[in-house]
Amino acid sequence: MSVDLDVLVPDAERLASRLDELAAFHDSTLPGWSREVFSEPYRASRDWIRKQMADAGLAPVTDAAGNIVGRLPGRRHGAPALVTGSHTDTVRQGGRYDGIVGVLTGIEVAQRLRETGTRLEHDLVVIDFLGEEANEFGISCMGSRAVAGVLRPEHLDRVDSTGLRLGDAMAAFGLDPQGALRQAWSPVDMHAYVELHVEQGPLLERSGTGIGVVTAIAGIDRLLVHFAGRSGHAGTTPMTDRHDALVSAAAAVLTVERVGCGAPVHGVATPGCIESTPQSMGVITNQARLWSEIRSVDASWLHGARKQIVHEITEETRNRGVEINVEWLTDQAPVPTTGLVQDVVAESADGLGLSWQAVPSGAGHDAAHLARLGPMGMIFVPSEGGRSHCPEEFTATSHIAQGAHVLASTLITLDRREGLRSA
Ligand SMILES: [Zn+2]
Numbered sequence: 094m095s096v097d098l099d100v101l102v103p104d105a106e107r108l109a110s111r112l113d114e115l116a117a118f119h120d121s122t123l124p125g126w127s128r129e130v131f132s133e134p135y136r137a138s139r140d141w142i143r144k145q146m147a148d149a150g151l152a153p154v155t156d157a158a159g160n161i162v163g164r165l166p167g168r169r170h171g172a173p174a175l176v177t178g179s180h181t182d183t184v185r186q187g188g189r190y191d192g193i194v195g196v197l198t199g200i201e202v203a204q205r206l207r208e209t210g211t212r213l214e215h216d217l218v219v220i221d222f223l224g225e226e227a228n229e230f231g232i233s234c235m236g237s238r239a240v241a242g243v244l245r246p247e248h249l250d251r252v253d254s255t256g257l258r259l260g261d262a263m264a265a266f267g268l269d270p271q272g273a274l275r276q277a278w279s280p281v282d283m284h285a286y287v288e289l290h291v292e293q294g295p296l297l298e299r300s301g302t303g304i305g306v307v308t309a310i311a312g313i314d315r316l317l318v319h320f321a322g323r324s325g326h327a328g329t330t331p332m333t334d335r336h337d338a339l340v341s342a343a344a345a346v347l348t349v350e351r352v353g354c355g356a357p358v359h360g361v362a363t364p365g366c367i368e369s370t371p372q373s374m375g376v377i378t379n380q381a382r383l384w385s386e387i388r389s390v391d392a393s394w395l396h397g398a399r400k401q402i403v404h405e406i407t408e409e410t411r412n413r414g415v416e417i418n419v420e421w422l423t424d425q426a427p428v429p430t431t432g433l434v435q436d437v438v439a440e441s442a443d444g445l446g447l448s449w450q451a452v453p454s455g456a457g458h459d460a461a462h463l464a465r466l467g468p469m470g471m472i473f474v475p476s477e478g479g480r481s482h483c484p485e486e487f488t489a490t491s492h493i494a495q496g497a498h499v500l501a502s503t504l505i506t507l508d509r510r511e512g513l514r515s516a
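Each number in the numbering used here corresponds to the 1-based position in the sequence shown with 93 added.
Here it is, written out as structure tokens:
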């Protein structure tokens, strides 16, 4: 092989100091690290990201959708690009690693290539995607959706709790919402996409494994169930004559949890919230609404679980003489990663003497959208205690550096492979 992987050992100290510098951009009035999309800390941090990309030789540009796109030119002018990246926004009171390590390791790989005079065949593109985390507008992965061509005009009309339109929020942030709708890449623009991310779960740490080869990104089905019962006096209505909407909703919570966690590989069920009326101690509840979600990497299992949940809660609810109406709010299919990219990640870890393990991703990622454009893979590094989306989120620099080395090796190997799409 023409590239010496040893010279591409990432600079762990530089990675660690960039992690610290980026973490300094956060809302200091809140505990933990908050850098939510469109916030002032986020705005300030993105100037810093552009500066890091420029220092690494990536000549960053910000597209209409707010993605910061850095490009290290390859030998073959006009060839499809090798793409890596992630996001640097956080949830409110989140951590310092989710998304961030994918952007900073992408920059580090580019910088090592440049410093060592290593030229790839394809351009290496590193992207900091706009607003990956769920937000008040109810749309995650805004930037990667735009690149994948699935950001829609109706998304721009969504409003937050203050009535602000997403399109107006984007414009106020200096972006071009109409242009964002035309930001889509063509599949011929992308050779492959590889994203490094913290696992956000406990599997790697528990098995003492440094590298996760991601097999699939879980699909998410969210449901809203309406229960309509009959109110009455809590003291005088016999138990046999009750049509209690809240009790039906409570039974449904347990059904969702029991059915939703039965997937063979990865299945999780989360009853998120119940609203009921009247909220009174002396009155039987006549209306309740339950929001829940189930996730799995197995599409056919998800399909079956949806049917099973509706069947069981409908029967249970009708037995109580309560009317039920079930609405599916989201139906996001699981996205498998590309087998060939999985193989290259695993071989790269082997080649560097690092242990690896195949793992599913229970969380959504920008990679799920990039998969529309071509071959896609993900590399996970361990999360201490499996914690994420909280201030305690932590991944050791040594694990991040190992992940960056596997990312470099994976990108170099993919760079030399042609016809990835047909493989
Ligand atoms: Zn993330």
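Glycine is no exception: its CB is placed at the ideal position from the N, C-alpha and C atoms. Since the structure is predicted, the reported quantities are computational estimates derived from the model, not experimental observations.
Are there any heavy atoms of ligand 1 lying less than 7 Å away from the beta-carbon of residue i, as far as the coordinates show?
i, result
"E129", "no"
"E201", "no"
"D191", "yes"
"H319", "no"
"S233", "no"
"H458", "yes"
"H290", "yes"
"E114", "no"
"S454", "no"
"H180", "yes"
"E416", "no"
"E225", "yes"
Below 8 Å on the Cβ atoms is my guess for residue i versus residue j; work out the distance and round it to an integer in Å.
i, j, result
"I310", "A501", "Rounded, the Cβ-Cβ distance is 23 Å, inconsistent with contact."
"V176", "I220", "7 Å"
"P124", "P484", "6 Å"
"F320", "I193", "About 42 Å; that fails the 8 Å criterion."
"S476", "V291", "5 Å"
"R413", "S324", "Going by Cβ atoms, the distance from R413 to S324 rounds to 14 Å, so no, they are not a contact pair."
"V349", "I387", "7 Å"
"I304", "V499", "6 Å"
"L420", "L316", "The sequence shown places Glu at residue 420, not Leu. At roughly 7 Å, the Cβ-Cβ gap stays under 8 Å, so E420 and L316 are in contact."
"L108", "E208", "The pair is not a contact, with the Cβ atoms about 14 Å apart (cut-off 8 Å)."
"L297", "V452", "7 Å"
Is there at least one non-hydrogen atom of ligand 3 closer than 7 Å to the beta-carbon of residue i?
i, result
"E486", "In the structure on display, ligand 3 does not appear, and the ligands it does have are ligand 1."
Name the DSSP bridge partner or partners of residue i?
i, result
"G163", "V219"
"Q450", "G305"
"T177", "V219 and V287"
"S389", "G312 and G360"
"G187", "W126"
"T155", "I161"
- Message: I'd like the ranges of any beta strand (DSSP E) spanning at least 3 consecutive residues and lying wholly in the stretch 296–384.
- Response: 304–310, 312–321 and 360–370
- Identify every run of the beta strand (DSSP E) within the stretch 221–295, keeping only runs that are complete inside it and at least 3 residues long; order them along the chain. The stretch 221–295 is shown to contain whole beta strand (DSSP E) runs of 3 or more residues at 283–291, in chain order.
- Query: Along the chain, which unbroken stretches of the beta strand (DSSP E) at least 3 residues long are found entirely within the stretch 410–489?
  - Reply: 416–425, 449–454 and 469–474
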